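According to this note's numbering, the sequence shown holds residues 4 to 271 in order.
C-beta: ideal position from N, C-alpha, C; glycine also.
Nothing here was measured: the structure is a model prediction, and the numbers come from that model.
Working notes for the structure below.
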Amino acid sequence: MKRPSPKSARAKRIVVLAALAGITATQLTACFPLFAGAVAGGVALATDRRPTATQTIDRGLQMEAENTLITRYDGRAHVNVTVYNRKVLLTGEAGTEQTKQEIGQYAQKLQNAREVVNELVVTGESSTLSSRANDTYITTKVKSVLAGTEGVPWNSIKVTTEAQTVFLMGVVTEAEGNRATEAVRTVGGVNKVVKVFDYVSEDERKRLDSNATSTNPQVAPGSGAGTPAPVEKQAPAPVSPASPGQPGVGATVSPTTSPALPPGKQLP
């Protein structure tokens, strides 16, 4: 598949930004899902650098981990699971250090999980509903900013916000990751940005883009400017050592191109 021409790419970005402007007007009302669905089914399509098999694995891993953790740690932890390119990011709160370690070790044993980044915070109190709603709003603003930033593969970047800290996952070149990070740092409400990227070379980026499948964009309402937030190069290391042969946090890892694997033990 040929890469879009510069004019074509600019035209698509204009369409996306126009769609975002309409979504902003609706904010988080019931109109938003309908409008976003219309955009997704129309011309505002972008590419996801993950192979289709990897996208399926990621969805399975996330569903399996979320369902298990909600059941197993109800009342002891509030955990958000984000998976991209078979890398599992854990955010939220754990009541004790032991609980945090247990959750991290469970994630390490998930079938098809390539790497685990445990960002759980040990605290006696869980985040409030208003705090979580604010994090969701920040995420929507960040996605909007990324979609409007030149040179950023916005549909190959996953955004998660926890306690006003924005985590960026995705398959990017170092230059793309830096551009995305700088754009996110100035979004209103963002206190810190943490990079959890998988970096690829420019040649690998070209290969992935040429083979990428078209998927729905992750559009979101609104954007805001503020004081630039600090940036962390990488998230802290996993709670337990990686299995032999698996890369650790901080390694430059290309997205998997292996054949499709079962999405999860508990899924059809």
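Spatially closest choice to THR50 from VAL175, TYR140, SER204, VAL196, by CA coordinates: VAL175
Contact belief for VAL145 with VAL199 at Cβ below 8 Å, rounded distance in angstroms: No, VAL145 and VAL199 are not in contact; Cβ-Cβ is about 14 Å, not under 8 Å.
Beta bridge counterpart(s) of LYS195 as assigned by DSSP: THR168
Rounded C-alpha distance that separates LEU171 from ASN158: 12 Å
Secondary structure of THR176, DSSP reduced to three states: coil
Given GLU153 as reference, the closest of THR131, GLN167, GLY180, THR164 once Cα atoms are compared: GLY180
Length of the line joining the Cα atoms of LEU92 and ARG182: 22 Å
Reduced DSSP secondary structure (H/G/I, E/B, other) of LEU93: strand
Cβ shell of THR126 (< 6 Å), same chain only, five flanking positions each side left out: GLU96
Presumed contact (8 Å Cβ cut-off) between ILE160 and LEU149, rounded CB distance: 6 Å
Local conformation of GLU118 per DSSP, three classes: strand
Those residues which DSSP pairs with TYR87 across a bridge: LYS90
Contact under 7 Å by Cβ, THR71 with GLU165: no
Nearest-angstrom Cα separation, counted from SER213 out to TYR76: 43 Å
Close beta carbons around GLU118, own chain, < 6 Å, minus the five adjacent residues each side: LYS90
Helix, strand or coil at ALA215 [DSSP, three-state]: coil
Inter-residue CB distance, VAL84 and GLU105 (contact presumed, cutoff 8 Å): Wrong, their Cβ atoms sit about 15 Å apart, outside the cutoff.
LYS144: first and last residue of the uninterrupted alpha helix (DSSP H) it sits in: 132 to 150
Contacting residues, own chain, Cβ-Cβ under 8 Å from SER134 (five flanking each side not counted): ALA166
Given GLN111 as reference, the closest of GLY98, LEU64, HIS81 once Cα atoms are compared: LEU64
Nearest-angstrom Cα separation, counted from LYS209 out to VAL196: 26 Å
Rounded straight-line distance, which links the Cα of LYS103 to that of VAL124: 8 Å
Whether HIS81 touches SER147 by CB criterion (7 Å): no
Three-state secondary structure (DSSP) of TYR109: helix
Closest residue to ASN299 among THR184, ARG52, ILE60, GLY98 (Cα-Cα distance): Nothing in the structure corresponds to residue 299, since the chain is present only between 4 and 271.
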